[in-house]
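In my numbering, the protein residues as written are 13 to 985.
Every residue gets a Cβ at the ideal spot worked out from N, C-alpha and C, and that includes glycine.
Everything on this sheet refers to the single structure shown next.
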Amino acid sequence: MSVYSKLENKWNRLWQKAGVYEPLLSLPKGKSKSSVIRKPFYNLMMFPYPSAEGLHIGGVRTFSGVDIFGRFKRMQGLDVFEPIGLDGFGIHSENYALKIKKHPMKLAKVTEKNFYRQLGAIGNGFAWNEHLETYDPEYYKWTQWIFVQMFNRGLAYRKKMAVNWCPSCKTVLADEQVISGECERCIANVVKKDLEQWFFRTTKYAERLLTDLEKIDWPEPIKIAQRNWIGRSEGASIKFSITTSQFSIEVFTTRPDTLFGATYLVLSPEHALLRNNGLGVKNYEEVKKYIEKAKSRSLEDRAEAKEKTGVELSGVYAINPANKEKIPIWVADYVLAGYGTGAIMAVPAHDERDFEFAKKYKLPIRQVIAPKFSEIVNPPRPEKSTIHRKTVHVILRRLTDDKILMLQWKGKVWGDNPPRTFIIGGVEDNEDAVKSAEREIWEETGYKNVRFVRKLNFEVHTEYFAAHKDENRYAEINILYFEVDSDDHGEVSSEEIQKHDPVWVNEKEVASFINVVDGPFIWSWFKNGDKAYTSSGATINSEKFSGTDSETAKWEITKFVGGERKTQFRLRDWLISRQRYWGPPIPMIYCPACAEASAGKENAGWQAVPEEDLPVRLPFVKNYQPKGTGVSPLAAQEKFYKVRCPKCKAWARRETDVSDTFLDSAWYFLRYIDPKNKKEIFSKALAKKWLPVNMYIGGAEHAVLHLLYVRFITKVFKDWGVIDFNEPFKKFRTHGLIIKDGSKMSKSKGNVVSPDFYFKKFGADAMRMYLAFLSPLDQGGDFRDAGISGLTRFLTRAKNISKKLARTLKEKLPEDSEIFLHQSIKKITGDIENLRYNTAISQLMMLLNGLEELSTVPWGAYEIFLKLLAPFAPFLAEESYQSFKKNKSFKKEHSIHLAPWPKFDTKKITAADFDMVIQINGRVRATLKASVGINQAAAEKLARADANVKIYLVGKTPRKIIFISNRLINFVV
RNA sequence: GCCCGAGUGGUGAAAUUGGCAAACACGCACGACUCAAAAUCGUGUGCCUCACGGCUUGUGGGUUCAAGUCCCACCUCGGGCACCA
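Here's what the structure looks like:
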């Protein structure tokens, strides 16, 4: 047994015995105890799901990191509740059991023991009395209870649809558990499978899940991830009638303003109208084949397909309700079944995906939105009339040197700044664009032998005030490209020469040469165009809506075609069933007799297990391996599934799927406050006292998994009146990931760092400090043990300094040490509050360095030092503290961990002097001691007296003197 | 492709939010103690220069008396989302 473990065991025992870390959970009866006045503080670490392999060092860092905060809050006088337990049910545990060929039920016992042993060694102030495990029937009884409530209150339903299926885990998965087409647990490619499953109506809470994000103190990236996941978008649903049938196709679009540009429709392969050829498609065999093929592709395949594919439905057309045009209908798997109506109107000119598809299948592309610019230098004046003109912008390239011809205008043509533009001009009534371009080139530059190459299939609009005509101009710009082989050109009229000079510009400099607002856009579109323009602008080619702002046109066009304004969410309902063994059985019974009576209704024939019959115990099943047939291993257990219907008593069948592990972890924080309650899920009174959680710390990887599910369950509970708050965690912070040799720790890579060895070798105090000192908590880092010795040295010195303690209690610190002590209290307090443990420890080190320089250390200062150290190094701090306190027997109130946190005295924080920096032209030329609060005149005098400063100032009068109080003075010469 | 986050000594990192860049550590070098080593203690340690001094926060430009910090462009790495109409 090492020296460390001896000390650690001693204190763990004494703390446990005295109940140092047990909060006063229940409401006070009477007012005898001092703890009555302590305010509750719920300090929680994201629910761990350990495997039998045990914790790795990264986990330990987070645990101790959370604990440092908890200890700090406890010393600040709060009644800190820091519970611990484990999330042992679920695929992660079961997969591991499968891998090592052990039964998960037996393995859980081993894991639990090992996990609690490891946690016991890291010196955390856990409330061990309230521990819980999700596979404990006393716990999952209530997980099942939640399911029953969900069912009874219409939030759980059964539905057959294409769901995510992991072929490796042999179960379905929720959308959140499919990461880029791969299973969250095993990285296998997920496929779609038609199965009947249980769902929770998370979508009913989409709006609240989104808006309540504003009310919580969470890291912004996590909020962004949730917002994106919920994916609220506003648009319209629009109906397209079909030539061959009375059906119509409804689409959802966020861009109804582009309706006139919709040149075809696309249905997803799973679309209902395709199921039995209800549309009377002539090539149905071909369509069917395509649908089959699309369904068999994995999600990843579908998403990463390099090229979009599709099949046109022949003989069937839709009518564009805006312009009554007959447009083709396609089936393609780039349209998703699960979003909107599973059908889209395709606007290739203004949607990248449609554009790509239209290019491939040669479908028409029609621009209906033009980018619109307003000149910044001379914007249109609202009081003036506006003249609309069709114009051309000509890009002329000289092939001999690859330069582009541009115009440098003279004088105040349009505004104060002479513009630099392409060759521009208006299109006359009797002209086409090419003709007028040729004319403009000739008139403005004298070039005649130019060759027209192409006209961009893209229009740009710009409005400006034309000063010489005293009117606003609205230009509808066509972009034309010409080439010329030589520099031969004719005379330019003097009239034109007065207006502008032609300038040949290098291709690279074109964008910067132009100084009109639309120029750079036109140039870049010319260079990189031939793509969809997806922003807003002015509506064109849209009959009577042409010319309106596209944002306004959105709702006008929707109204015009009888469409409906609609909000869509990307979020989908939570698929809760799992075809696995290691989870809480879903507490439902299917009765064929009852089903007949209520045929056609939602959940027909399904009864919830009566509450008094809960829990539905998970039986010990020897062959627990997943079957892969779409049912769980429990489906082979007749003794389990054969039951009487709770309603009609006929023979019925119990649901054999289990629920998603994420349900277990979605409510655990509520049970912690009352884990032994047999009558109810938890006491409402206790919930009122302890919840919501004050500080929650966990991994960012759960941004849209656990962290979304908990919020959902919390809102549901609030609606049921079980709790009175909407959000589970007021404050949430992420921790960084500890990696090893540049990659995540994993057994397969063989780079897992086990804490056991290090804790034994260096002790919990040194390890806690080392892990905290590494980097700020929210940052990760590469684990290397090189730096541990620094912390070990520090702790040894911290202990040894007690040898220098003053004889009498009255001795005080010298003044400057006293100031530094108070500065340190302030710094450390603030740093811990913000989880910046690394700088807090650095300050502790400086404080110790300072104390070591004294010949004797006053007891008061040492006590403060120990208290500041206590959250980081709980054992050493307690040991040293107690050896001076000399209590006869250790009691709860004796512990340093319940002693009041040191307070700093604001008056003692500022020193009398500071180092004033003297700069000449921003360069430091001297630093001088000056008294705090010195004014500019005095500072200047002091600075000028310095020899080095004199050298730089001799014979010069400063143009400017910048004086920053209590910091610096800068002479600008 | 889109959205975040980050680039600072040999290493982990710090910098009161625009005010002395590299605090605090690790490592390294030298010294003390020691027969010796470890441990411990002391000194030094961004780069160039014998020095005076100059240069330095991914690259280039800008704003400012003053930029790691603000603005523009670009490069690299990490993370998340990914046909969401």
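Which class does residue i belong to by DSSP, given the choice of helix, strand or coil?
| i | result |
| --- | --- |
| T155 | helix |
| S2 | Nothing can be reported for residue 2, as the shown portion of the chain is limited to 13 through 985. |
| N332 | coil |
| A882 | coil |
| E145 | strand |
| G711 | strand |
| N107 | helix |
| S907 | coil |
| W342 | strand |
| E124 | helix |
| K372 | helix |
| Y653 | helix |
| S249 | strand |
| V722 | helix |
| G132 | helix |
| F581 | coil |
| F771 | helix |
| V323 | strand |
Closer than 8 angstroms by C-beta to residue i: which residues in its own chain qualify, once you throw out the five before and the five after it? Chain order, please.
| i | result |
| --- | --- |
| V446 | F464, K467 and L492 |
| E387 | W426, G427, T474, E475, Y476, F477, V528 and V529 |
| T991 | Past the edges of the chain, shown from 13 to 985, lies residue 991, and the structure says nothing about it. |
| V519 | Looking at the sequence shown, residue 519 is not Val but Glu. Result list for E519: D414, K415 and I416, in chain order. |
| Q137 | In the sequence on display, residue 137 carries Gly and not Gln. For G137, where only same-chain residues beyond five positions count, the Cβ hits under 8 angstroms are W27, V32, Y33, D79, G82, R83, R86, V92, E94, P886 and H909. |
| P631 | L646, Q649, K651 and F652 |
| S397 | E483 and N484 |
| N141 | E34 |
| A349 | A174, S280, P281, E282 and H283 |
Taking DSSP's pairing of strands, which residues face residue i in a bridge?
| i | result |
| --- | --- |
| D12 | Because the chain is modelled from 13 through 985, residue 12 falls outside the range shown and cannot be assessed. |
| I416 | R409 and V517 |
| C178 | T183 |
| N982 | Q931 and I974 |
| R666 | I601 |
| K172 | E208 |
| K743 | D229 |
| V705 | F741 |
| F385 | T474 |
| N201 | E194 |
| S562 | S562 is not bridged to any residue. |
| D794 | I751 |
| I356 | V278 |
Since I believe residue j is in contact with residue i (beta carbons under 8 angstroms), could you give me their beta-carbon distance rounded to a whole number of angstroms?
| i | j | result |
| --- | --- | --- |
| R937 | E864 | No, R937 and E864 are not in contact; Cβ-Cβ is about 34 angstroms, not under 8 angstroms. |
| R780 | A911 | No, R780 and A911 are not in contact; Cβ-Cβ is about 19 angstroms, not under 8 angstroms. |
| V263 | L277 | 7 angstroms |
| R409 | D499 | With 8 angstroms as the limit, R409 and D499 do not qualify as a contact, their Cβ atoms being about 13 angstroms apart. |
| F926 | N978 | 6 angstroms |
| Q591 | V643 | 6 angstroms |
Counting only the same chain and skipping the five closest in sequence on each side, list residues whose C-beta sits under 6 angstroms from that of residue i.
| i | result |
| --- | --- |
| F744 | W230 and Y708 |
| Y636 | Y593 and P645 |
| S548 | S562 and E563 |
| V515 | M418 and Q420 |
| S257 | L291 |
| I974 | N982 |
Which same chain residues end up closer than 7 angstroms to residue i when comparing Cβ atoms and leaving out the 5 residues on each side of it in sequence?
| i | result |
| --- | --- |
| S47 | In this prediction, S47 has a pLDDT of 47, which is less than 50 and means its spatial position is unreliable; nothing more can be read from the coordinates. |
| T551 | D269, V380, I381, F557, S558, G559, T560, S562 and A565 |
| I242 | A218, L221, L222, F581, R582 and L583 |
| K294 | S326 and G327 |
Write down every uninterrupted run of the alpha helix (DSSP H) in the region 463–536 whose length is 4 residues or greater and which is fully enclosed by it, in chain order. If we require 4 residues or more, the alpha helix (DSSP H) runs fully inside the region 463–536 come out as 506–511 and 522–525.
Could you tell me which uninterrupted beta strand (DSSP E) segments, each at least 3 residues in length, are contained entirely in the region 36–104, listed from first to last along the chain? 51–57 and 90–93
Could you tell me which whole alpha helix (DSSP H) segments of length 4 or greater appear in the region 823–864? You should have 827–845.
Ignoring anything shorter than 4 residues or poking outside the region 595–643, list the alpha helix (DSSP H) runs there in chain order. Within the region 595–643, the complete alpha helix (DSSP H) runs of at least 4 residues are 604–609.
Residue ranges of each beta strand (DSSP E) run of no fewer than 3 residues wholly in the region 257–301, ordered along the chain? 257–265 and 276–279
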